[in-house]
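Residue numbers (my numbering): 17 to 84.
Positions of the beta carbon are idealized from the N, C-alpha and C atoms, including for glycine.
Here the structure is a predicted model, which means the values were calculated and not measured.
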């Protein structure tokens with residue numbers, strides 16, 4: 017399932033695949049947990065490129081990694 021999650025965030029799914037995938041997230045607790053973790057990781061990874069408050073970004077990323 018991680019493969020389809022990666023494809024979703026990479027924009028590699030067709031509209032039909034997305035329409036089938038998104039409802040599955042609501043129905044499958046494990047898939048939902050993996051989806052949220054991937055979404056958060058992507059958001060935190062994006063924060064690494066921010067300038068100005070690198071220490072705060074680093075702290076948040078470490079906190080996230082400890083949760084996973």
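Cβ distance (whole Å) where residue i is taken to contact residue j below 8 angstroms
i	j	result
residue 63	residue 73	5 angstroms
Alpha carbon of residue i to alpha carbon of residue j, nearest angstrom
i	j	result
residue 45	residue 27	23 angstroms
residue 47	residue 24	13 angstroms
residue 30	residue 60	26 angstroms
residue 65	residue 75	14 angstroms
residue 40	residue 21	11 angstroms
residue 55	residue 68	23 angstroms
residue 38	residue 71	35 angstroms
Buried or exposed by the 16-neighbour rule on C-beta atoms within 10 Å, applied to residue i
i	result
residue 78	exposed
The region 28-35 / the region 44-61 touching (three or more Cβ pairs under 8 angstroms):
no
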